[in-house]
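As structure tokens, the structure follows; a few thoughts come after it.
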Amino acid sequence: DTGVSQDPRHKITKRGQNVTFRCDPISEHNRLYWYRQTLGQGPEFLTYFQNEAQLEKSRLLSDRFSAERPKGSFSTLEIQRTEQGDSAMYLCASSYRDRNQPQHFGDGTRLSIL
Amino acid sequence: KNEVEQSPQNLTAQEGEFITINCSYSVGISALHWLQQHPGGGIVSLFMLSSGKKKHGRLIATINIQEKHSSLHITASHPRDSAVYICAGYEGTSGSRLTFGEGTQLTVNP
Numbered sequence: 030d031t032g033v034s035q036d037p038r039h040k041i042t043k044r045g046q047n048v049t050f051r052c053d054p055i056s057e058h059n060r061l062y063w064y065r066q067t068l069g070q071g072p073e074f075l076t077y078f079q080n081e082a083q084l085e086k087s088r089l090l091s092d093r094f095s096a097e098r099p100k101g102s103f104s105t106l107e108i109q110r111t112e113q114g115d116s117a118m119y120l121c122a123s124s125y126r127d128r129n130q131p132q133h134f135g136d137g138t139r140l141s142i143l
Numbered sequence: 577k578n579e580v581e582q583s584p585q586n587l588t589a590q591e592g593e594f595i596t597i598n599c600s601y602s603v604g605i606s607a608l609h610w611l612q613q614h615p616g617g618g619i620v621s622l623f624m625l626s627s628g629k630k631k632h633g634r635l636i637a638t639i640n641i642q643e644k645h646s647s648l649h650i651t652a653s654h655p656r657d658s659a660v661y662i663c664a665g666y667e668g669t670s671g672s673r674l675t676f677g678e679g680t681q682l683t684v685n686p
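If you read the protein sequences in the order shown, they are chains A and B.
The working numbering puts the first residue of the first sequence at 30, with every later residue one more than the last.
The working numbering puts the first residue of the second sequence at 577, with every later residue one more than the last.
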């Protein structure tokens, strides 16, 4: 399977703990995106990378959130000192670099904060 | 006010019916993505379009740039079409970030 893969699929943790999610994009895709989706809502943009450069961050991405894509391949999203409001589905997508390219999504990581 | 708005929020149909989901978007959206999301979260890209009409199987997507409106049609609907359908717009000249509508929950009954 050469699609976008995310790990883990589910994460349950206690409030205040740190969590890290991983996304492996489609190998030839330059762009990688992170989104967050809460129940009953459409996804919201968090940040995106072109190769290893983080080009844009949403105001939703507080200083407790950090994303990296160190070698321009896989990416990690870390949430420090998790809060109840962080409970959501975290989606990763990738695309070619050119403008207005279709994005291919992973199955997401569902985070539950106890 | 969201830059991408969908209607209806919920839609129930009988198998075989023709289905239309609408999407209106604001100035600054350069292209539209129609996506399908099944329970459990997986999102599948259906169409990307910035003009005209696209067709794939029983799915048809149209866009009217002047009216800033797009529609997704499903012909001869089937229970396996039951899912959330999401319209998302690419913002601005960079064509990078997507702004999503809230989705339309479609249920097709046998």
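Glycine is no exception: its CB is placed at the ideal position from the N, C-alpha and C atoms.
At a Cβ-Cβ threshold of 8 Å, Gly617/B and Arg139/A count as neighbours.
Ranked by Cα distance from Thr31/A, the first of Phe78/A, Arg110/A, Pro54/A is Pro54/A. Approximately 6 Å separates the beta-carbon atoms of Ala117/A and Gln66/A; this is inside 8 Å, confirming the contact. At a cut-off of 8 Å between C-beta atoms, Leu674/B counts as an interface residue with respect to chain A. Exclusion of the five residues before and after Asp36/A leaves Arg51 as the residues of its chain whose Cβ lies within less than 6 Å of its Cβ.
Under the Cβ criterion of 8 Å, Glu81/A is not counted among the residues facing chain B. Contact between the region 126–140 of chain A and the region 96–104 of chain A is absent: fewer than three C-beta pairs spanning the two stretches fall below 8 Å. Listed along chain B, the residues sitting closer than 9 Å to Tyr77/A by beta-carbon distance are Ser672, Arg673. Around the beta carbon of Ile108/A, a 10 Å sphere encloses 16 or more other beta carbons of the protein chains shown; the residue is thus reported as buried.
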